[in-house]
Amino acid sequence: MNAVKDIFRSDYENQWCPGCGNFGILAAMKDAFIKLGLAPDQLLIVSGIGQAAKTPHFLKCNTFHGLHGRALPVATGAKIANHALNIVVNSGDGDCYGEGGNHFIHAIRRNPDITLLVHNNKIYGLTKGQASPTSDMGMVTKIQKQGVISEAFNPLAVAIVLGAGFVARGFSGDKDHLSELIQLGVKHKGFSLIDILQPCVSFNRINTHDWYKKRVYALKESENVHGDHTTAIEKSFEWGDKIPVGVFYKEKKTTFTDHINTLQKGPLNSVKYDREKLQKILSKL
Amino acid sequence: MNAVKDIFRSDYENQWCPGCGNFGILAAMKDAFIKLGLAPDQLLIVSGIGQAAKTPHFLKCNTFHGLHGRALPVATGAKIANHALNIVVNSGDGDCYGEGGNHFIHAIRRNPDITLLVHNNKIYGLTKGQASPTSDMGMVTKIQKQGVISEAFNPLAVAIVLGAGFVARGFSGDKDHLSELIQLGVKHKGFSLIDILQPCVSFNRINTHDWYKKRVYALKESENVHGDHTTAIEKSFEWGDKIPVGVFYKEKKTTFTDHINTLQKGPLNSVKYDREKLQKILSKL
Amino acid sequence: MDITIKICGQAGQGIQTVGHFLALVCREAGLFLMAVNDFESRIRGGHSFFQIRISDKPVHAPHHKVNLLIALDKKSFEIHQKEMLPEGLVLLNQAEKQGNKQIESIPFEELAEKAGAKITSNTVAAGAALGVLRAPMKLIEKTLSSQFRSKGEDIFKKNVKAAELGYDAVKDITFKWGFDWKTSESENILIEGSHAIALGALAGDCRLGAFYPMSPATGIMARLAEYSDDFPLVVEQAEDEIAAINMIIGGSFAGVRSMTATSGGGFSLMTEGLGLAAITETPVVIVNSQRPGPATGLPTRTAQTDLHFVINASQDEFPRFVFAPGSPEEAYETMSRAFHLSEKYQVPAIVLTDQHLNDSWFIIEGGLSAPYKAERFILKDEQIEDAFKYERFAIDASGVSPRALPCMGNAIVVASSDEHRQDGHISESITNRIDMVDKRNSKIPDMRKEMNSPDGYFADSDFLLLGWGSTRGAVREAVDILRSEDFNAGSFHFTDLWPFPDDAVEKILKGKKKIIMVEQNSTAQLGRLIRQQTGIGYSKAILKYDGRPLYPNDIVEHFKEYARLS
Amino acid sequence: MDITIKICGQAGQGIQTVGHFLALVCREAGLFLMAVNDFESRIRGGHSFFQIRISDKPVHAPHHKVNLLIALDKKSFEIHQKEMLPEGLVLLNQAEKQGNKQIESIPFEELAEKAGAKITSNTVAAGAALGVLRAPMKLIEKTLSSQFRSKGEDIFKKNVKAAELGYDAVKDITFKWGFDWKTSESENILIEGSHAIALGALAGDCRLGAFYPMSPATGIMARLAEYSDDFPLVVEQAEDEIAAINMIIGGSFAGVRSMTATSGGGFSLMTEGLGLAAITETPVVIVNSQRPGPATGLPTRTAQTDLHFVINASQDEFPRFVFAPGSPEEAYETMSRAFHLSEKYQVPAIVLTDQHLNDSWFIIEGGLSAPYKAERFILKDEQIEDAFKYERFAIDASGVSPRALPCMGNAIVVASSDEHRQDGHISESITNRIDMVDKRNSKIPDMRKEMNSPDGYFADSDFLLLGWGSTRGAVREAVDILRSEDFNAGSFHFTDLWPFPDDAVEKILKGKKKIIMVEQNSTAQLGRLIRQQTGIGYSKAILKYDGRPLYPNDIVEHFKEYARLS
Ligand SMILES: Cc1ncc(C[n+]2csc(CCOP(=O)(O)OP(=O)(O)O)c2C)c(N)n1
Ligand SMILES: Cc1ncc(C[n+]2csc(CCOP(=O)(O)OP(=O)(O)O)c2C)c(N)n1
Ligand code: SF4
Ligand code: SF4
Ligand SMILES: [Mg+2]
Ligand SMILES: [Mg+2]
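Protein chains in written order, with this note's numbering: chain A, 1 to 285; chain B, 1001 to 1285; chain C, 2001 to 2566; chain D, 3001 to 3566.
Here's what the structure looks like:
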């Protein structure tokens, strides 16, 4: 962003911990938006509650910072009201896969043209370090004294079997790659999920920046844009010594708002109230 | 059940529509419980709200008929309190995959030793015929005037990628096969999902008994108990002219309550209050 | 003339079809009607009824005695026998004659088969009922034509035949009551409560309805969905009620008027979202159609049990509107008003209805009229002094900040569920917090000015019956009955409940010694609310909480007992 | 002697560590203390403080003036400068001297490095503070030993060195205040509010805690989790609050006492489950730790804003207990009592706490005592007349049906969230519905008898301050101050809020002309509740709703203004 003016700069003080992976995500977002030619007044960011969900405060944009877990329905409603909106959702692993798990499933089924960025730090950051749905088994916290005993949630695999048309994983430590993924996600017509591996320096002592650096590798271009469920799912389960990032699955699908007849006449929020039409109905009762 | 006394007979009037697929499920359940050697006082059935969820009223058993969508957390709590309980959950496609979707995900992650029977009629029965998460695209209802525009939820595939250790599909029209599945599910140590294809004669005019009869086939024994995700997921997407039923995936896993140290001393509800222990803590503050 | 016809039988037997047909004929004839729909939470079997009160004058409540009972099965007759007027008549769906001379046996299915299709048995039953009432066959044919012509000549003809067979089967029966039948050109409309609610939403320029099915609210959204092809309107079935409320908040934030409808259980799940609408000052309309609880309770029955709940729902305090319309006309107007006021003050509006209002049918005088405009309270860039400096939560004396929409101009709109500054960004500052609480609360005086005072009926009477919501008709009629028996009784009906019209109510009730609450709950919620807001207590509460609608007679009987003792 | 030390700086700097160490030393010395914990909803940076009031007599509220300020950064000093007493002292974490003679500059990190580990800088600060107070070094060493010996001799030694360096750095500074230090063998305990709540749960024989993290309630569950290895206790983090409440209902149904803890947003999500507990008559304890809203609001701040919400939450009406303890001792007892009463009456019990109570530290006199038994209200087969005919919801005059557990004998236990018969199966019958509503409501008179009357303090005074929950200490102290200035003031503190002790309150307040509500909300919720239940209004409300704890001085100032005008 050196030469380019930081048009997304927010005057609002950033509240993340120094060294947090979220800074990398924020930088990649700005970079992607600029490369996409978007201006702050052309962008609506919807978020839930958590460290991740604070993101829209830290860049200039239209913002709806809603409830913990409930960003996706808000975004879906906004998209119905004005399907011309460019909507990005910032969410956390707890926000999106824990409290908001049901909306995650059903947003994918609907396929609205929205880009979902999940800052996956495998921990509840803002509430000070409880396990999240993506925490690996065995992780010890103040609540999980014995270590996590539930299977880690695999968002990519779930999204793929639910029929998501764009499923990717990024890493906050690789801004350029992440920016590319975000650009692809935003350009994809339909629901796009980008799960982002994000170190939390304050509470996750396992999945650190270095831990990831050693493991993360980019899927090859050829592996990328494949419409083949099986391989995509298999890849999504690769975890441990080697962790793939990139686009796991991509497929063109009719979007939610393209499906709805009424909306083909134009954005809902731009139609005028029509008394005649209503009166006709009332008179025919 | 001819010769055997119907020990699970309930005196309570059945409220389902004549011809409903639920009757087949009820019969298979009774048959399975008898074959498993269970008595009504050894069985706790937890359910949500819907036609499916009324099931425990129609057979003799301990019953907790809770809220719409919330059977699984109730069952999990009961299992924690007394892990000796035999718990079966009766739920509907709306109850379990719609309102209760988040609990479905996270119950599987926990892997409590509970058998979940989802009466999947691909419709909201009790509320008179709205689309459910499993309704196929295009199905027209009073609400979905344009036809369903969301992708149908595939419970089997989702359960498999979430790591469920027993994933099966049954058909209400084949009592013996379904009874077998239920027996296997109950015997399986850990969470078992049996999604049951169930015609709703009042509201689902597409997926009728005959429609299924023509399509349903049993997975071969060899295909059955395989611990191979990939094939299982592929099979779970087979839908249309041929619809497989049977066990799609099976794998042994430590159960939720087996994981918890405290519970290894015996059921939580059978331990006595220990004043000394508490007083010691209080005195050391 | 004022008679009650009760059609009863098992769910799935077509009770509503019969009833609806009778209702259409009445409308054609310029008569009035009020019909309650009683059914169990099951799809087939059991027992249900549709009870129509027909009159040549407008009627607003059901009557407890039956003139004509149409029993589709024997059990139904046994259940309702005791409600029959001494000279009432029963048409029983069977071939064998009954010993009882009050009962006429007519085999509806058999006659239907004779008419050429067993499926027309409901038309046979309707024909018989109308025959008893001596409705002209012409009127019946006309109504059948509007119902069945579109389905083909054959179906129409079979139904005419079926109606005739039913009609003829009763031609020798004498019935004490009847109407002066004529074909009327009246503008009166036959409408179900939930239909009026849905139309009121359209009149409020509603564009998005997101909901999760729940009795007795589903009917509202089904009605609304009927208009989604022709109107700029999307009805979306959400995965759960939490999604529903958050969707409409998103929709409203992006600029369209949005609503949801649910019952208490769903409303419970929406309470957190209610607070989100409040702190982000996003207008939304929520219909809570009450049914008995707690929890699942009685899904298809009626109640007035959620008044305190909706006034206090969600953590912390914030202004909201609460309305409870008492008739379909009022429901239509209230909905439209709720959308208007919710947007004007940027607060959530809750409309409390119940199963009784939603599922009952009414013939109402005149028609409904569409509002001439939908005044919007949204700013475009041009209307903002400096769009680049726009602050969504700017504070002024009214507490209502100028509202722009996201991505509709240069104004950047920032909203947060955290306590926030005027520009929408999070703030933990002490002074900001106080300012923002005060800002939100400062809307209340203006909001209260929008509230209508309770509607008085013989307001100066000694005894005052106080009610709210759907019991309006029953209470008024009880007053009429009581006055005809020389009791000095009047009533006040509360539709606008929150912000509570404190001063108006205090003025009305001050010094009144005989205040009688009439409510469908077990704790006299309105009575408690009045006391909380004015300090004025009540002397008697007539409470019905069995899930069934309130009949004028319920009130009259309890009133007399009370008046006798006091 | 009664002084206030405020330690302030950025989140992550170890403010609490310093404060906690000072507190431990005070406890060793037999002193008393009350400390508030002020922090933002972020993990690093920003501004936060830990404010300790130390006294040789028990203290129950914070004080608004600061004797000793330990500023870990300069910004902190600037923020709190105005709170300093004229003769107060500031220890500022920097090397350069400050012009101001009230300020002593001490480079904590630098000295820590000298001690051998930068990480001991908090010990340096604590050493300096204790040096200012002239606490004996021996006492400090003893406390360090109990803190660090287990971590190895080296760490211990470095901390001793660090404390000494801090101690020495201030040895020439004169400070106006000090204590008569001695090593005491007192039984007093140092405890955080949420710890007392968790221990109260254990004292109530709690076996299952299911929850979803939410400030300020998470601490309670973290405290509880510490005991899950040694006690028959499972603490499970649920996927959301809806799961949490349903899990504890399941746990309780199967026979273990169960609880959850959350804040308003989570409580909103639990309201439907609350109704499930009610209609299935399953005992559960729900702690709602209040924070300012609406919605996300101010996550780490304090409030008393949910009283009406929790009393009215969930559709329809049902009995429930609501308590709001005013101190850690009361929190301990109330929790244990909540479990007992909830099980005895088979109703949900809600305990309202808030961030102030949860996150504050107290030294309390004497210790806490474990109850001698946990009386259970559960039947075994042998205790049931005919287990084969057992009916879970059998009706008797008390409304409380004998309770058996599922699969623990021949008794079959059937519970349903639908309205049900005595045997637990669904019923839509009119008479059954009335019976069941009456059954549930019939518990209320006995439940009300369990309620303690509000606790009076100079109860006969002209001016009565009424408060509830965590402000207890502040209100009492305000009364003391006012009386010392010759105001005829007293107070009543409400802990047992629902079923509301109507008669007791009416008796107390009848004829009182100067009732002053003291609450941390913007609408005087207790004031409104009292009026609703007794018709008695208040004359003045002192309301603080900025999210910060109530100080005695806040009350005193507003009181005087009011007294002057009235
Ligand atoms: C209904 C509700 N429940 C709980 C919370 C408390 N809460 C705030 S953020 C958070 C979780 C944060 O975890 P995650 O979503 O992973 O975001 P992170 O902070 O790690 O970025 C929780 C539980 C809340 N605000 N609202
Ligand atoms: C919170 C809540 N929302 C909605 C309902 C209404 N409701 C009752 S059953 C049901 C859906 C039934 O569908 P399904 O679970 O598929 O069961 P089925 O009747 O088809 O067996 C709904 C939406 C409810 N009882 N509670
Ligand atoms: S707590 Fe973790 S996720 Fe949150 S800002 Fe700090 S480092 Fe980042
Ligand atoms: S509505 Fe459908 S699912 Fe329900 S009982 Fe009738 S046939 Fe069965
Ligand atoms: Mg996280
Ligand atoms: Mg279904």
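All C-beta atoms, glycine included, are put in the ideal place defined by N, C-alpha and C.
Any Cβ of chain D closer than 8 Å to the Cβ of B/ARG1070 would place that residue at the interface, and such an atom is present.
Collapsing the DSSP output to three states places A/LEU67 in coil.
Neighbours of A/PRO40 in chain C, taken as residues at a C-beta separation under 9 Å, are given in chain order as ILE2412. The beta carbon of C/ASP2502 sits closer than 8 Å to those of ARG2448, GLN2533 and THR2534, all from its chain and outside the five residues before and after it, given in chain order.
Cβ proximity to chain D below 8 Å picks out nothing from the segment 257–285 of chain A. Taking a cut-off of 8 Å for Cβ pairs, the segment 3230–3240 of chain D and the segment 1264–1279 of chain B touch, as three or more such pairs fall below it. In the three-state reduction of the DSSP assignment, B/LEU1038 falls in the coil class. Bounds of the alpha helix (DSSP H) holding D/GLN3147 are 3137–3148.
Going by DSSP, C/GLN2051 is part of the beta strand (DSSP E) stretching over 2045–2055.
Listed in chain order, the non-local C-beta contacts of B/PHE1058 below 7 Å within the same chain comprise SER1010, TYR1012, ASN1014 and LEU1026, local neighbours out to five positions each way being set aside.
No Cβ of chain B is located within less than 8 Å of the beta carbon of C/ALA2126. When C-beta distances to chain A are compared with 8 Å, the residues of the segment 2250–2275 of chain C below that value are GLY2250, GLY2251, SER2252, PHE2253, ALA2254, GLY2255, VAL2256, SER2258, GLU2272 and GLY2273, in chain order. Between the beta-carbon of C/GLN2315 and that of C/ASP2354 there is about 26 Å, and that puts the pair past the 8 Å contact cut. When Cβ-Cβ separations below 8 Å define contact, B/GLU1151 makes contact with chain A. The beta carbons of C/PHE2021 and C/ALA2126 sit closer together than 8 Å. Residue-level contact check: A/ASN62 touches chain C, since one or more beta carbons of chain C fall below 8 Å from its beta carbon. Counting along the chain, A/GLY170 sits inside the beta strand (DSSP E) bounded by residues 166–171. Not one heavy atom of ligand 1 sits closer than 7 Å to the Cβ of C/SER2145. Per DSSP, C/GLY2131 is one residue of the alpha helix (DSSP H) stretching across 2121–2132. Take C/ALA2459, set aside five residues on each side of it, and the residues of its chain with a beta-carbon closer than 6 Å to its own are GLY2490, in chain order. Between C/ILE2052 and C/GLY2019, the gap from beta carbon to beta carbon is short of 8 Å.
Closer than 7 Å to some heavy atom of ligand 1: that does not describe the Cβ of C/ALA2478.
Close to D/GLN3355, with beta-carbon spacing below 9 Å, lies no residue of chain C; the smallest spacing is near 12 Å.
Listed along chain B is no residue with a C-beta nearer than 8 Å to that of D/SER3194; the closest approach is about 14 Å.
Beta-bridge analysis with DSSP links B/SER1047 to B/HIS1065 and B/ASN1090. For B/THR1127, the nearest beta carbon of chain C is closer than 8 Å to its own beta carbon. At a C-beta separation below 9 Å, A/LYS145 has these neighbours in chain D: ALA3225, GLU3226, SER3228, ASP3229 and VAL3235. Within chain B, the C-beta atoms nearer than 7 Å to that of C/ARG2042 come from GLN1015, in chain order. When DSSP states are grouped into helix, strand and coil, D/VAL3170 belongs to the coil group.
Distance from the CA atom of D/SER3145 to the CA atom of D/VAL3124, rounded to whole angstroms, is 15 Å. B/ALA1078 sits close to B/LEU1085, with the two beta carbons spaced by under 8 Å. Here C/GLY2297 is bridged, per DSSP, to D/ASP3418.
In summary, C/GLY2366 is exposed, with fewer than 16 beta-carbon neighbours lying within 10 Å of its beta-carbon over all protein chains present. In this structure the segment 2292–2300 of chain C does not touch the segment 110–121 of chain A; the number of beta carbon pairs closer than 8 Å is below three.
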